[in-house]
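Q: Residue numbers (this note's numbering), protein chains in the order written: chain W, 2 to 228; chain Z, 2 to 228; chain F, 2 to 228; chain L, 2 to 228. Note that the Cβ used here is the ideal one computed from N, Cα and C, for glycine as well.
(1) Just to confirm before moving on: does the CB-CB distance between residue 133 of chain L and residue 200 of chain L stay below 8 Å?
(2) Let me make sure I understand the geometry here. Which of L/211, L/42, L/110 and L/84 has the alpha-carbon closest to that of residue 73 of chain L?
(3) Give, in chain order, every residue of the segment 99-116 of chain Z whose Cβ lies closer than 7 Å to some Cβ of chain W.
(4) Can you tell me whether DSSP reads residue 199 of chain F as helix, strand or coil?
(5) Would you call the CB atoms of residue 64 of chain Z and residue 37 of chain Z closer than 8 Å?
(6) Would you list the residues sitting across from residue 145 of chain Z in a DSSP beta bridge?
(7) Helix, strand or coil: how does DSSP classify residue 33 of chain W here?
(8) According to a CB-to-CB cut-off of less than 7 Å, which residues of the segment 118-132 of chain Z neighbour chain W?
(9) How about the segment 191-200 of chain L and the segment 115-126 of chain L: do they share at least three Cβ pairs that are nearer than 8 Å?
(10) Suppose you measure from the CA of residue 146 of chain L to the CA of residue 181 of chain W; what does that come to, to the nearest Å?
(11) Please classify residue 209 of chain W as buried or exposed, where buried requires at least 16 other C-beta atoms within 10 Å of its C-beta.
(12) How far does the alpha helix (DSSP H) with residue 10 of chain L in it extend, from its first residue to its last?
(13) So, with DSSP's three-state summary, where would you put residue 91 of chain L?
(14) What do you reckon, are the CB atoms on residue 30 of chain L and residue 100 of chain F nearer than 8 Å?
(15) Please report the distance separating the alpha-carbon of residue 55 of chain L from that of residue 58 of chain W.
(16) Which chain Z residues are close to residue 1 of chain F, counting only those with a beta carbon under 9 Å from its beta carbon?
(17) Can you find a CB in chain L that lies within less than 8 Å of the CB of residue 182 of chain W?
(18) Write down the C-beta distance between residue 47 of chain F and residue 82 of chain F rounded to the nearest angstrom, noting that I regard them as a contact closer than 8 Å.
(19) Give the C-beta separation of residue 108 of chain F and residue 207 of chain Z to the nearest angstrom, bearing in mind that I take them to be a contact with Cβ-Cβ under 8 Å.
(20) Using CA coordinates, which residue listed in W/66, W/84, W/68 and W/76 is at the minimum distance from residue 27 of chain W?
(21) Cα separation between residue 116 of chain W and residue 44 of chain L?
(22) Quick one: which residues of the segment 207-218 of chain F get their C-beta closer than 8 Å to a C-beta of chain Z? List them in chain order.
(23) Would a C-beta distance cut-off of 8 Å place residue 168 of chain Z and residue 177 of chain Z closer than the cut-off?
(24) What's the gap between the Cα of residue 9 of chain Z and the Cα of residue 40 of chain Z?
(25) Please work out which residues of its chain come closer than 6 Å, Cβ to Cβ, to residue 221 of chain Z, disregarding the five sequence neighbours upstream and downstream, and give them in chain order.
(26) Counting only C-beta atoms, is residue 142 of chain W closer than 8 Å to chain Z at any point?
(27) Quick one: is residue 7 of chain W buried, meaning 16 or more other Cβ sit within 10 Å of its Cβ, or exposed?
(28) Is it the case that the Cβ atoms of residue 143 of chain L and residue 212 of chain W are separated by a distance below 8 Å?
(29) Considering only the alpha carbon of each residue, which of F/153, F/69, F/124 and F/161 lies closest to residue 131 of chain Z?
(30) Quick check on residue 26 of chain Z: does DSSP put it in helix, strand or coil?
(31) Does the Cβ of residue 141 of chain Z have 16 or more other Cβ atoms within 10 Å, making it buried, or fewer, making it exposed?
(32) Where does residue 46 of chain L fall in DSSP's three states?
(33) Using a cut-off of 8 Å between C-beta atoms, extract the partners of residue 203 of chain Z located in chain F.
(34) Consider the Cβ of residue 50 of chain W: report whether some Cβ of chain L lies at a distance smaller than 8 Å.
(35) Should residue 153 of chain L be flagged as near chain F, meaning a C-beta pair shorter than 8 Å?
(36) Alpha carbon to alpha carbon, what distance is there between residue 67 of chain Z and residue 202 of chain F?
The following block contains the structure:
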């Protein structure tokens, strides 16, 4: 998919990262986004402040080679390294043929994962009855939404296998929560990935806020995670 | 009413949607606004990111024909579809002769509806004693504000009848809450609709925050919904 | 005091109102600011959206005549009316020789007032031990801050006398809370008024958040309001 | 380190202060930042609104003389005074050879300090298991993060010694919390200082939000502060 409105994909990535920073998703250099275009896979570097990225900071990787990271066009600054999220982003490209993947450290994702998996181990986030569910793929109604939660690991790349297992166990879901960490969300296009990321963040926050009010959107008892 | 300050109505709609996005009302492509001008009824398309709308994305519909959606001028991109909210927006144009209607997915509206209707069924939001009530039509004092809550439905258009019934039952109120979903607010002009939407959002949040503090703005016992 | 940096006072008022809107202080056309300059007293009109004010919307009143509202220069649009806050703003000009006054509907002010005066009647907000207190006039240390709370009234202008009484009872304090309504804050200059308004809002929020956590910044027992 | 992208250090300080204002770290003229460049130490003046600083407001001090404040280049306005934080900032330059230090009044820092030191006396903030910890120096894993808390004092400069003592007791930590006040965070470069400040703020908020939910990121019992 094209980047949309007279923007190149690297420009779009920079603009989206500024927006995600304002949403509290990518502070402290964490989080990020990767988009697949006709030229290959665009991905941000590691360790840079996401709200200050410039188009010349973005890597372009070969999308014919999804088993490693073959750089087609490096950033202007040769010292930059590819984001540690690359293998996780590639899960979505390989297993789902995604057009874009994003990773958020939103506190709502972390608190929701904690609520449904207090130990930090594998689990499942569940909610139902909220209109914003309809923004998710395959969710045209108000039924139950289930999102797998996987345990965090010392190094981000070590999540690759458990994230892939969760994706296989939940083929209808375009998100994986990581306990104490955040969430990965993808879509066919960058717009669908972003829309779904906003819907999930809303659902995570709604569950946390309802819990605080002593209400109960989350049927915690019924939850039987598949991984 | 004119759009105000050297802006066309489509430009104004785009600007307001960016503002509503920052307020958390229209994330994930949800929510929106429709404004009636001399030329007809302007309405945003379905499924686009609201903070990224451009004037050429806006539909212009015939306001002499409120029983269907007669397109006077379609958006530049012929694939766009009219917002699913259209029949709900038309309730306000038909039943109240509104100049503008907006629909927000604000979490404060959803939590307030949940607080007053834990089952998600029909109910009534009640508050009193808050200065911001004075920004609502017919509320020059600090008396009781009542807002009808209707149950949500699988498809947005299916809300049309229950919303109309609530509007008839509450002729002095310019808002209808939808459980698990959000709120519709209208006014004689876009400015009045927006002002009232901001006042309602404030009241919804105040009720939720007061409940969290163990205080009690909301006299839940007295509530006898009319629908 | 001059408006500062190459801005006229009407321009400054518009800019500050946009900033206050982003802080959640002046939504729904509520709240506002009045600044005294060499030419007279500048004040916003009633009922306009505060984040959309333009310099030509601002009234200029005669500051030699503080007992009524003598318009020196009206806004370009002759239908506009002076803000209903005028008599309240004039309390600060008359009783304290203020250079600027602002009025916020911040939810933190409303919740803090509610916490210290659950009935909505007169009371006193108390806090201590917070660094941000030092931004308040006469508060070079971490001792106790006291802010009078007055009851709200059906019409804003009816607050004039009780606000004046509170100001006389608390000569060292540059703020008056109004239950269910908001807060008035003033200062020698617009910069001091704004700085104090930000410090007070922080203290109100800190008290509310601490209460939610079951901690206790607010020594409620010691409170003996003077009005 | 250079200021980065075509900006002078004074311009960068102004831009960062605007960003910190939006994050709620430097309202009411509180908080600030100091950066060391080739020319010396750049520091903001006292008492100015941080989101409105201009490059010509910034002091340049001699970095060969860290025991006093030798002004190399004063601001354009001769009435301005150096920020009261200077001796605290100098702790980081002297004891850690920092390239930048920032000071935030974030409510999350204040609430987190209160949670771990309800009396306001010395203590220790503790958290573990959160991905954002990895953005901190020396924290490549998910182990325990400890941040010293020192008691506040009537005048900011009086914190100098206890802050230095805490820094010596926690040589691997680049932050010191001040009870009822905020936090100091530093780094080798302004980018590292900012990244760490964002990570710490996230951790402080996560601890407060988890406590509100009745969860427990913070192992309060294990805490044995070193100062």
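A: Working from what's here:
(1) Pairing residue 133 of chain L with residue 200 of chain L gives a Cβ-Cβ distance under 8 Å.
(2) Ranked by how close their Cα comes to the Cα of residue 73 of chain L, the residues L/211, L/42, L/110 and L/84 have L/42 in first place.
(3) Residues passing the 7 Å Cβ filter: 106, 108, 111, 112, 115 and 116.
(4) Here residue 199 of chain F sits in helix by DSSP.
(5) Yes, the pair counts as a contact, with Cβ atoms nearer than the cut-off.
(6) Z/129, per the DSSP bridge assignment.
(7) When DSSP states are grouped into helix, strand and coil, residue 33 of chain W belongs to the strand group.
(8) Identification of residues in the segment 118-132 of chain Z having a C-beta nearer than 7 Å to some C-beta of chain W yields 119 and 121, given in sequence order.
(9) No, they do not touch.
(10) Rounded to whole angstroms, residue 146 of chain L and residue 181 of chain W show a C-alpha spacing of 14 Å.
(11) Residue 209 of chain W is buried by the Cβ-count criterion.
(12) 10-23 is the extent of the alpha helix (DSSP H) around residue 10 of chain L.
(13) Here residue 91 of chain L sits in helix by DSSP.
(14) Between residue 30 of chain L and residue 100 of chain F, the gap from beta carbon to beta carbon reaches 8 Å or more.
(15) The straight-line gap from Cα to Cα measures roughly 29 Å.
(16) This structure cannot speak to residue 1 of chain F, because chain F is shown only from 2 to 228.
(17) Yes - at least one Cβ of chain L is within 8 Å of the one on residue 182 of chain W.
(18) With a Cβ gap of about 5 Å, residue 47 of chain F and residue 82 of chain F count as contacting.
(19) The pair is a contact, with the Cβ atoms about 6 Å apart (cut-off 8 Å).
(20) Of the residues W/66, W/84, W/68 and W/76, the one whose Cα lies closest to the Cα of residue 27 of chain W is W/84.
(21) If you take the alpha carbons of residue 116 of chain W and residue 44 of chain L, they lie about 43 Å apart.
(22) Hits within the stretch, in order: 209, 212 and 213.
(23) Yes; because the gap between Cβ atoms is below 8 Å, this pair is in contact.
(24) Using only the alpha carbons, I get a separation of about 11 Å.
(25) Reliability fails at residue 221 of chain Z, whose pLDDT of 41 lies under 50, so the model's placement of it is uncertain and no value is given.
(26) Residue 142 of chain W counts as touching chain Z.
(27) The residue is exposed, with fewer than 16 neighbouring Cβ atoms inside 10 Å.
(28) No, the Cβ-Cβ distance between residue 143 of chain L and residue 212 of chain W is not below 8 Å.
(29) It is F/153 whose Cα lies nearest to the Cα of residue 131 of chain Z.
(30) Residue 26 of chain Z: coil per DSSP, three-state reduction.
(31) If you draw a 10 Å sphere on the C-beta of residue 141 of chain Z, you find fewer than 16 other C-beta atoms in it, and that means exposed.
(32) Note: residue 46 of chain L maps to strand in three-state DSSP.
(33) Those within 8 Å of residue 203 of chain Z in chain F are 28, 29, 106 and 108.
(34) At a cut-off of 8 Å between beta-carbon atoms, residue 50 of chain W makes contact with chain L.
(35) Residue 153 of chain L counts as touching chain F.
(36) Taking the straight line from one Cα to the other gives about 47 Å.
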